[in-house]
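Quick mapping for you: the protein sequence lines, in order, are chains A and B.
Residue numbers for the first sequence follow this note's numbering, beginning at -7 and rising by one.
Residue numbers for the second sequence follow this note's numbering, beginning at -7 and rising by one.
Using N, Cα and C, we set each Cβ at its ideal position, and we do this for glycine too.
Please read the structure below before turning to the comments.
2 protein chains.
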Amino acid sequence: MQDAGMLAPPVSNETFDIDTLGRTRGGTVDRVFLHLKDGILAGRYAPGQRLIESDLTSELGVSRGPLREAFRKLSAEGMVESIPNRGAIVRRLSHKETQELFQIRGALEVLAARLASENIDLPGVRERFEQAVAPIWSEAPRNIGMTYLNENRIFHQAVADASGNEQLAVLCRQMQLPLIMFQLSGMLTPETLTLSNREHRSIARAILAGDAHAAWEGMRNHLDRAQGFANELPRTIFRSPE
Amino acid sequence: MQDAGMLAPPVSNETFDIDTLGRTRGGTVDRVFLHLKDGILAGRYAPGQRLIESDLTSELGVSRGPLREAFRKLSAEGMVESIPNRGAIVRRLSHKETQELFQIRGALEVLAARLASENIDLPGVRERFEQAVAPIWSEAPRNIGMTYLNENRIFHQAVADASGNEQLAVLCRQMQLPLIMFQLSGMLTPETLTLSNREHRSIARAILAGDAHAAWEGMRNHLDRAQGFANELPRTIFRSPE
DNA sequence: CCTCCAATATTGTCCTACAGAATTGATGGT
DNA sequence: ACCATCAATTCTGTAGGACAATATTGGAGG
Chain A
-7 MQDAGMLAPP VSNETFDIDT LGRTRGGTVD RVFLHLKDGI LAGRYAPGQR
43 LIESDLTSEL GVSRGPLREA FRKLSAEGMV ESIPNRGAIV RRLSHKETQE
93 LFQIRGALEV LAARLASENI DLPGVRERFE QAVAPIWSEA PRNIGMTYLN
143 ENRIFHQAVA DASGNEQLAV LCRQMQLPLI MFQLSGMLTP ETLTLSNREH
193 RSIARAILAG DAHAAWEGMR NHLDRAQGFA NELPRTIFRS PE
Chain B
-7 MQDAGMLAPP VSNETFDIDT LGRTRGGTVD RVFLHLKDGI LAGRYAPGQR
43 LIESDLTSEL GVSRGPLREA FRKLSAEGMV ESIPNRGAIV RRLSHKETQE
93 LFQIRGALEV LAARLASENI DLPGVRERFE QAVAPIWSEA PRNIGMTYLN
143 ENRIFHQAVA DASGNEQLAV LCRQMQLPLI MFQLSGMLTP ETLTLSNREH
193 RSIARAILAG DAHAAWEGMR NHLDRAQGFA NELPRTIFRS PE
């Protein structure tokens, strides 16, 4: 059921204008994509849930073509799984998959942190990085919800962007950071948040100082700790293997 | 109908068929996907060429739906680029993009090599790895064409598979290794091939011996050298930056 | 309570149609 | 000739309908 008030201002991709009268103009696929992505992240579509095409076409007022393309896009980002003749289901990570993803993120983001610290004095890089990570210096207490998740996402994205390697930044963005964090977010404690934030600051300082080794090590520790945290979680929140 | 000056594709009008490979009946998308992928790798579709939907639907005897899904899939693997309102074009890497991809591959495959050497004694791993890399021990001279490219692809895939990290293996496979190598293949010399093969063997030996450090270092050197090689290439083979 | 089968639900594919963006080609002014 | 402009032509983005193949479900029979 589509709420008349349209969705909350979604992340940010592009200004798509929705036509006022049922007709769409441009970016239909993106609109559907964002709706589903936000819906999954917000829990409106639960992990494991089937996404029935006919339901969504009537719900969103789009035809099957764009809807399927949106599925394909979500699938490429690891948000949904496509099973032949059974359509798309909201992805639910197994414990093993989560560990694997942390391992990959480790390799990628550690590289990003090193590159960022090496590039920090290139024109514009420091400026953009400082602006992007500004929120992490705040002393305000974090909510254990979207607020922290968002700050975390922004921080890691800022590092990837500062690396100067655009392909790497894209990869990092698509590494379903959001999905992992969503599944974990129910388990976060205030202590964890504080610790994580402290690590973010430490990494940011190393990058700003151009200290490649410290940045490298800081990011590795940060992700190792996060992975260890994920490893301790009760198996019930994961999809059973196979 | 646009003709980008390509020689006429071997328009095998009769859709080579339906079920020669025991695949399920629903494989229309996959069939198109593979046709295009092979065509791009074989040079039938040139980098930069536009892929016109109406041409391909008549050429392949499929409708636009599956064709567009195949585009999306190719796009996810980095084989084609999708530009809004201009459709799909065969991707052509810029020099910078190539360097970036080598950097990423470095991080991922070095990780894979380390994991592989650590996992080599897990049940079945050594067996599968030995079988997969068997071709590299051959003393037969390599052709500077698809033969080497294929051997190279198989070797790197074998390492990724042996890592035990399935997500990593998928990522490595999709890291457009094929695309990079295709663009480079015209520049390969017999000396390069010999050297590359020697490095492959050295890495394989380290993995089989369970020597994580040697595997790590071998892979790093191998990719560093390959990246350096790519860096020396004449800029003319690359897409001009923006 | 379990197995098998028919009814129903859903996906995969094809087709046709049309609006709007992009490309091309022609036109008119300088 | 040369450039700007506008119109005709291509193509893509979407909609919507149709139908076969496959999956799921609920009921009948053992």
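Check your understanding: Taking C-alpha atoms, which residue in A218(A), N189(A), G156(A) and Q219(A) lies nearest to I116(A)?
Key -> At residue 116(A) the sequence reads Gly, which differs from the Ile that was named. The candidate whose alpha carbon is nearest that of G116(A) is G156(A).
Check your understanding: Do you know offhand how far L141(A)'s Cα is from R231(A)'s?
Key -> 22 Å
Review point. Do A105(A) and G210(A) have their C-beta atoms closer together than 8 Å?
Key: yes
Practice item. Would you mind reading off the limits of the beta strand (DSSP E) that contains I75(B)? Key: V72 to I75
Exercise for review: Give a yes or no on whether 8 Å exceeds the smallest Cβ distance from N213(A) to chain B.
Suggested key: no
Practice item. Compare the C-beta of I112(B) against all C-beta atoms of chain A and say whether one is closer than 8 Å. Key: So, not an interface residue.
Exercise for review: Determine the chain A residues that contact E158(B) at a beta-carbon separation under 9 Å, and present them in chain order.
Suggested key: K88, E89 and E92
Point to revise | Beta-carbon contacts of K29(B) that lie in its chain and below 7 Å, excluding the five residues immediately before and after | key: L66 and M71
**Study point:** Contact set for H148(A): own chain, Cβ-Cβ below 7 Å, skip 5 residues either direction
**Key:** E101, C164 and L169
**Study point:** Cut-off 8 Å between Cβ atoms - residues of its own chain near D113(A), not counting five sequence neighbours on either side
**Key:** G202
Exercise for review: Drop a sphere of 10 angstroms on the beta-carbon of N135(B), count the other beta-carbons inside from all chains shown, and report buried for 16 or more, exposed for fewer.
Suggested key: exposed
Point to revise | Selection from Q91(B), E92(B), N111(B) and G53(B) that minimises the alpha carbon distance to A207(B) | key: N111(B)
Check your understanding: Q95(B) CB to nearest chain A CB: under 8 Å?
Key -> Yes, Q95(B) lies at the interface with chain A (some Cβ there is under 8 Å from its Cβ).
Review point. Taking Cβ positions only, does L163(B) come closer than 8 Å to chain A?
Key: yes
Check your understanding: What alpha helix (DSSP H) runs, 4 residues minimum, are completely inside the segment 120 to 181 of chain A?
Key -> 138 to 154, 158 to 166 and 169 to 177
Review point. Do you know how far the Cα of L176(A) is from the Cα of E249(A)?
Key: Because chain A here runs from -7 to 234, residue 249(A) falls outside it and cannot be looked at.
Point to revise | Proximal chain A residues relative to G57(B), where beta-carbon distance stays under 7 Å | key: G57
Exercise for review: Determine the extent of the alpha helix (DSSP H) in which A99(A) is found, giving its start and end residues.
Suggested key: Residue range H87 to N111 is occupied by the alpha helix (DSSP H) that includes A99(A).
Practice item. Please work out which residues of its chain come closer than 7 Å, Cβ to Cβ, to F25(B), disregarding the five sequence neighbours upstream and downstream, and give them in chain order. Key: A62, K65 and L66
Check your understanding: In or out: R83(A) buried (at least 16 other Cβ within 10 Å) or exposed?
Key -> buried
**Study point:** Rounded distance between the beta-carbons of I229(A) and V151(A), thought under 8 Å
**Key:** Between I229(A) and V151(A) the Cβ distance is about 27 Å, and since that is not below 8 Å, they are no contact.
Practice item. Can you tell me which of the three DSSP states A38(B) falls into? Key: coil
Check your understanding: DSSP three-state call for G53(A): helix, strand or coil?
Key -> coil
Practice item. Kindly say whether A152(A), judged by its beta-carbon, lies nearer than 8 Å to any beta-carbon of chain B. Key: no
Review point. From S74(B) to S86(B), what does the alpha carbon distance come to, in whole angstroms?
Key: Between the alpha carbons of S74(B) and S86(B) lies a gap of roughly 16 Å.
Review point. Excluding the five sequence neighbours on either side, which residues of its own chain have a C-beta within less than 8 Å of the C-beta of G40(A), listed in chain order?
Key: I81, V82, R84 and R231
Exercise for review: For the beta strand (DSSP E) holding G19(A), just list the boundary residues, first then last.
Suggested key: Element bounds for G19(A): n/a, residue is neither H nor E.
Review point. If you measure from the beta carbon of K29(B) to each beta carbon in chain A, is any gap under 8 Å?
Key: Chain A, which has no Cβ nearer than 8 Å to the Cβ of K29(B), makes this no.
Review point. Can you list the residues of chain B that E61(A) reaches, using a CB-CB cut of under 8 Å?
Key: R60, E61 and R64
Check your understanding: At a Cβ threshold of 8 Å, is A34(B) touching chain A?
Key -> In terms of beta-carbon proximity, A34(B) stays away from the interface with chain A, with every pair separated by 8 Å or more.
**Study point:** Exposure label - E191(A); buried when at least 16 CB within 10 Å
**Key:** buried
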